[in-house]
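Number of protein chains: 2
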Amino acid sequence: MKRSNMDLIDPWGSIEIENYEKLFEEFGIQRMDGLVDKLPCKPSFIRRGIIFGHRDFERIVEAINKQQPFAVMSGIKPTGPLHIGTILTLREMIFFQKLGGVVFYCIADIEAYEDNGIPLEESEKIALDNVVDALALGLDPSRSYIYRQSKENDVKDLAIILARAVTLSTMEAIYGVRHMGLYMSALIQVGDILLPQLKRFGGPKPTLVPVGIDQDPHIRLCRDLAHKFKEKYGFILPSATYHKIIRGLDGSSKMSKRNPMSYFTLTEDVESITFKLKNAFTGGRPTAKEQRTLGGEPEKCPIFDLYKFFFVEDDDKLLETYWRCKTGDMLCGEDKAFAIEVVTSFIKEHQERRKAFIDKSREILNLD
Amino acid sequence: MKRSNMDLIDPWGSIEIENYEKLFEEFGIQRMDGLVDKLPCKPSFIRRGIIFGHRDFERIVEAINKQQPFAVMSGIKPTGPLHIGTILTLREMIFFQKLGGVVFYCIADIEAYEDNGIPLEESEKIALDNVVDALALGLDPSRSYIYRQSKENDVKDLAIILARAVTLSTMEAIYGVRHMGLYMSALIQVGDILLPQLKRFGGPKPTLVPVGIDQDPHIRLCRDLAHKFKEKYGFILPSATYHKIIRGLDGSSKMSKRNPMSYFTLTEDVESITFKLKNAFTGGRPTAKEQRTLGGEPEKCPIFDLYKFFFVEDDDKLLETYWRCKTGDMLCGEDKAFAIEVVTSFIKEHQERRKAFIDKSREILNLD
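Line by line, the protein sequences give chains A and B.
Here the first sequence stands for residues 1 to 368, where the numbers follow my numbering.
Here the second sequence stands for residues 1001 to 1368, where the numbers follow my numbering.
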């Protein structure tokens, strides 16, 4: 694989992935065709192609339909409050948990330290906040193993054992020239993904890792190592589903901590969110007159993205919004008022729901 | 520092260090001058300049003389029975333990895995054997913390935390292009050296690491990281003493597992050791006649090295042997007979002493 291609997907960068087609051709990511219909139900992120590709997802579909054990593994880097983009992964986890999966949810505090310099003592508080969000969104803690990476010795030990099969050039090709801590954190993440297959958790099993497409390098590294250590551990190669990345509210390619106007968080003041939505980039035209004549461009619009990804579950309603914009029938002012209404009412409810999960979350993280 | 210089010292290689002078000039290793006389007593490895250099050893001398706490840290890579060369480090540890140091003795099973591919399950048995040797040589377990690297989470955590300050080029410069596991093991070894300074063991303290000169790259990396994390942990830069490397019995520059005729182990059959000594390279001349005329060359002789490093504690006796060889008064046959006698009687006693320490060693390593 050429370096230039590897560069295309960078989990720690913010490179826009303009052409999803390339991923199928050059990286061997598979299309969802045929598999979607085998699922017992189809939430909006599947119907709308937000999950657009996979690796070995058929293994998970089979486990679901035969009611065999499988794991759903994901995590969060505790660098701050969960932003709206991250709830997509959580919704996927909750969905597959309801279909029979056991969830492994990693608080990637080592990665938060290596990549962002956040000391473990500090990320502990952030982690609590993140876990409260996850439970308030519907993650069932009774069918979840939620853990802090830094406290999970099996994960570190897997990293140490698997590292022997990783060449330096593999690390450089995937992650570029970075410090040793980041490489270690990448290997520890491989340990996280394989953790559900250890004897302690019942041994080898299909494992789904629902990720943003920018995380594919981790998946490839992990599958490569799972293959190399198949004999020792009996690993089944982990499966992955890939979702598209939601645009920043400011029109940037990705919501980013570096740019607070590009996103809002689940615990943010409703006033602040309203301000950001009012000032968001849209697919509107320079003047109202032009927009009435030419119509808007919802396919370029972060506000429409919010509906499509999260806030409008009903497809007819989404289509209606799309066409009213496209035909110039609805201008951005009216649309934004609607966005502010649905978003802030969701956020208010969520913030209210959170209160019931604080004690449980402290308990899960063993905090005093 | 130029790469060509860094290559000079390679802890995993077997490059002969021909010119110790270079180490003082180019690597900043300090001479022992002035410090030796401040020690309350001088064992042969100090009197004879086998320990020939140091970094910040004055800090340890001060702690000894003021009876302040200090640690002595070393370890063994459990790849097989201890060979005779490794007992030098053990003797140094035992010596400094008697002068008040608390010993930290690491069974470097992670390194044995990364560097030699020995699974942790297997090195466990080897470790037992190594610990029995250490105790039989006189290590006092009541003033020692003996641990397996793979079981010591604080060590792994230090590696993870410190790794953030290590660039890839540092690793390449010190260790060359190796797999990720070896780099991780190098960082874990840094964790080992700093372990005695954690709060759990009473916090920052002078720490002496007695090593073969080939281990200096680890020391430099560790001191660099101790400095970088001084503020967070209060680390005192670890001190090191450097000893010369004993020649192989076959005349090679270093005793090496790859060449069984170059060394013997502490648990080897006396017959096998006798055979190796009989066939050892010496500083003798091609014919007896020549040797009587020209004299032997003890400074090139591995048998004389054995006396100097380990088996002749009395300086007068050593000098007598030296001159009898040098003047041609004693030929290699007579000398080897003497060597066989002192070595095998030491080995027999050691093997007898071992029996009393097996249970204690099992207990230390938590083996059933």
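C-beta atoms are modelled at their ideal positions from N, C-alpha and C, and glycine is treated no differently.
Unbroken beta strand (DSSP E) stretches of 3 residues or longer found wholly inside the stretch 1136-1163 of chain B: 1144-1148, given in chain order. When secondary structure is reduced to three states using DSSP, residue 1104/B falls in the strand class. Contact between the stretch 77-94 of chain A and the stretch 118-129 of chain A is present: three or more C-beta pairs spanning the two stretches fall below 8 Å. Contact between residue 280/A and residue 303/A is confirmed by a C-beta separation of about 6 Å, below the 8 Å threshold. Chain order gives the chain A residues near residue 1163/B as 114, 179, 180, 181, 182, 183, 184 and 185, where near means a beta carbon separation below 9 Å. Sequence-distant Cβ neighbours of residue 1092/B in its own chain, meaning closer than 6 Å and more than five residues away, are 1210. Here DSSP, grouped into helix, strand and coil, assigns residue 1078/B to coil.
At least one CB of chain B lies nearer than 9 Å to the CB of residue 117/A.
In the structure shown, residue 1207/B adopts extended strand secondary structure according to DSSP, grouped into three states. Within chain A, the C-beta atoms nearer than 9 Å to that of residue 1166/B come from 179, 180 and 181, in chain order.
Taking the beta carbon of residue 1366/B as reference, no residue of chain A falls within 8 Å; the closest one sits roughly 15 Å away. No residue range can be given for residue 28/A, since it is assigned to no beta strand (DSSP E) and is classified by DSSP as neither H nor E. In this structure the stretch 188-208 of chain A lies against the stretch 92-104 of chain A, because at least three pairs of beta carbons, one per stretch, are closer than 8 Å. The C-alpha of residue 1193/B is placed about 14 Å away from the C-alpha of residue 1163/B.
The straight-line gap separating the alpha-carbon atoms of residue 1316/B and residue 1045/B is approximately 15 Å. Taken through DSSP and simplified to helix, strand or coil, residue 327/A comes out as coil.
Interface flag for residue 1294/B against chain A is unset, since no Cβ pair is found closer than 9 Å. Counting C-beta atoms within 10 angstroms of its own C-beta, residue 319/A has fewer than 16 neighbours from the protein chains shown and is therefore classed as exposed. Counting only the Cα atoms, residue 358/A lies some 33 Å from residue 253/A. Residue range 1051-1055 is occupied by the beta strand (DSSP E) that includes residue 1054/B. Secondary structure of residue 1212/B (DSSP, three-state): strand. Excluding its 5 nearest sequence neighbours in each direction, residue 1227/B has C-beta neighbours in its own chain below 8 Å: 1235 and 1237, listed in chain order. Taking the CA atoms as reference points, residue 1257/B sits about 20 Å from residue 1185/B. Around the C-beta of residue 1159/B, 16 or more other C-beta atoms lie within 10 Å, and the residue is accordingly described as buried.
Looking at the DSSP output, residue 190/A shares a beta bridge with no other residue. A straight-line Cα-Cα distance of about 16 Å links residue 71/A and residue 155/A.
For residue 172/A, at least one C-beta of chain B is nearer than 9 Å to its own C-beta. Distance check between residue 340/A and each of 296/A, 269/A and 367/A places 269/A closest, using alpha-carbon atoms only.
Contact residues of the stretch 1140-1156 of chain B toward chain A are 1150, 1153 and 1156 (C-beta to C-beta distance below 8 Å).
The shortest CA-to-CA distance from residue 353/A to any of 326/A, 149/A and 133/A is the one to 133/A. Annotated three-state conformation of residue 255/A is coil, per DSSP. Cβ-Cβ distances below 8 Å link residue 1050/B to 1044, 1088, 1243, 1244, 1308 and 1309 in the same chain, with the five nearest sequence neighbours on each side left out; the list follows chain order. Excluding five sequence positions before and after residue 135/A, the CB atoms of its chain that fall closer than 7 Å to its own CB belong to 141, 357, 360 and 361, given in chain order. In this structure, the alpha-carbon of residue 1271/B lies about 13 Å from that of residue 1261/B. Residue 1057/B and residue 1040/B have their alpha carbons spaced roughly 14 Å apart.
The continuous stretches of alpha helix (DSSP H) do not include residue 1263/B, and DSSP gives it neither H nor E.
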